[in-house]
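K.L.:
Here it is: the structure, laid out below.
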Amino acid sequence: MPRGRRRDRDRVSYTALITAISPADRPDESLRLLRSMARDGVPFAAVALAAVLSAFARRRSAPGAAATAAVAAMVHAAAARSGLGASVVVGTSLVHSYCASSRLADARKVFDEMGRTRNTVTWNALLNGYAKAGLTDRAAELFAAIPEPDLVSWSTMVDGCLRAGRLSAALSTYNAMLRSPAGARPNEVLLVDLLSACARRSAVEEGRQLHAAIAKAGLDRHAFVQSTLIHFYGACGFLNSARLQFVSGSKDHVSSWNALMAGLVRSGNADEALRLFDAMPERDVVSWSTVIAGHAQCGRSGLALELFRRMRAAGQKQVDDNKFSHSSPTCGLYDTVALSAS
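Residue numbers (numbering that gives the first Met the number 0): 0 to 341.
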């Protein structure tokens with residue numbers, strides 16, 4: 000077989016292996032294969048370089064970020080030497096990788112050098128990097144320049160505003176999306192994020208408007224949307240609305256039960272919360288922790304301790320620490336139950 004054809008075959012084989020293992024949380028192995036390609040004199044393929052970058056970018060730990068930055072720099076240099084520096088696939092993956100390792104200046108440099116080869120995915124990668132870094136103003140400036148923002152662009156901008164605690168800006172972005180000529184429409188994830196933020200801020204009117212949009216789009220059938228609606232109304236003190244959402248929705252998901260029970264506990268309705276708890280077809284750590292903390296907050300430490308013992312007897316060994324960190328009664332109960340379990 001002629002050498003050129005053999006190298007082409009090897010290139011296809013290496014690329015297939017790298018792209019196959021990259022999604023399997025094996026970044027080091029994908030990098031080893033890429034180095035083998037270089038040693039064997041096999042030309043790199045753009046998709047192989049992008050796959051290695053993506054494999055490392057998925058690492059979330061601090062050492063993972065350092066490794067991602069090092070690999071991004073190495074692949075960046077390899078792409079330039081191989082004539083792949085202008086590839087939109089490689090360029091976009093480099094932007095994503097540099098953002099994942101908090102090297103936003105490098106990400107912006109690659110982005111600017113790509114020029115007209117950039118696509119919407121490239122814009123979204125840098126936008127996401129700015130948003131996650133809390134650089135909301137820079138994200139807004141970049142977003143305004145996107146030629147054709149898609150749902151990911153709008154959702155990323157909304158998420159960036161929410162991360163920065165700017166609910167009004169997030170809602171303004173959401174409303175601008177609805178008015179956009181491209182006709183981008185929110186999905187259930189975006190609406191749930193906004194509704195959860197409204198619950199945290201007790202933004203009742205804004206939350207009701209989102210509920211109307213959810214119902215109009217037929218998205219209230221999703222279990223996590225239903226539980227978020229229950230949580231919103233419960234958090235804002237509208238227990239009848241929370242109960243109505245629970246009664247009219249599916250009872251197959253523990254999250255809906257937990258959301259209503261949390262609303263009842265928050266409003267001091269510990270007895271009703273316990274009745275709901277006893278009626279649950281299945282319970283998780285949040286269920287147990289909510290009802291135990293609720294009775295502790297009402298000064299019923301004896302009943303709370305009994306519920307804790309029931310939980311241990313049912314095989315649930317741990318509680319949700321978040322439920323025991325906001326008031327002195329629950330903090331005291333946590334110490335008590337910890338001692339009783341030892």
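Note that CB positions come from ideal geometry on N, CA and C, so glycine has one too. Predicted, not measured: the structure shown is a model, and the values here were computed from it.
In its own chain, which residues sit with a C-beta less than 6 Å from the C-beta of I17, not counting the 5 before and 5 after it?
P.N.:
So the list reads S29, L32, A47, A50, once near-sequence residues are dropped.
K.L.:
Measure the CB-CB distance between L125 and L150 and report whether it falls below 8 Å.
P.N.:
Cβ distance not < 8 Å, so L125 and L150 don't count as in contact.
K.L.:
Going by other Cβ atoms of all chains shown within 10 Å of its Cβ, with 16 needed for buried, is P146 buried or exposed?
P.N.:
Under this definition P146 is an exposed residue.
K.L.:
In three-state terms, what does DSSP make of R4?
P.N.:
A caution first: R4 carries a pLDDT of 48, below 50, which makes its placement in the model unreliable, though a value can still be read off. It is helical.
K.L.:
Could you give the first and the last residue of the continuous alpha helix (DSSP H) run that contains M176?
P.N.:
Per DSSP, M176 belongs to the alpha helix (DSSP H) from 166–178.
K.L.:
Give me the Cα-Cα distance between G217 and H252, rounded to the nearest whole angstrom.
P.N.:
Their backbone Cα atoms lie some 18 Å apart in a straight line.
K.L.:
How about the stretch 86–100 and the stretch 120–140: do they share at least three Cβ pairs that are nearer than 8 Å?
P.N.:
Yes, the stretch 86–100 touches the stretch 120–140.
K.L.:
Between R184 and F307, what straight-line distance do the alpha-carbon atoms span, to the nearest angstrom?
P.N.:
Spanning the two alpha carbons is a distance of roughly 45 Å.
K.L.:
Compute the Euclidean distance between the alpha carbons of R309 and V188, then round it to the nearest angstrom.
P.N.:
Those two C-alpha atoms are separated by around 36 Å.
K.L.:
What first and last residue would you give for the alpha helix (DSSP H) that runs through C98?
P.N.:
Looking at the DSSP string, the run of the alpha helix (DSSP H) that includes C98 is 87–99.
K.L.:
Let me check understanding here. Comparing Cα to Cα, which of P22, V70, T91 lies closest to A45?
P.N.:
Looking at the Cα atoms, T91 is the closest of the given residues.
K.L.:
Identify every run of the alpha helix (DSSP H) within the stretch 267–323, keeping only runs that are complete inside it and at least 4 residues long; order them along the chain.
P.N.:
Correct list: 269–278, 284–296, 300–312.
K.L.:
Work out the CA separation of P148 and A79 for me, nearest whole Å.
P.N.:
Each residue's alpha carbon lies about 29 Å from the other.
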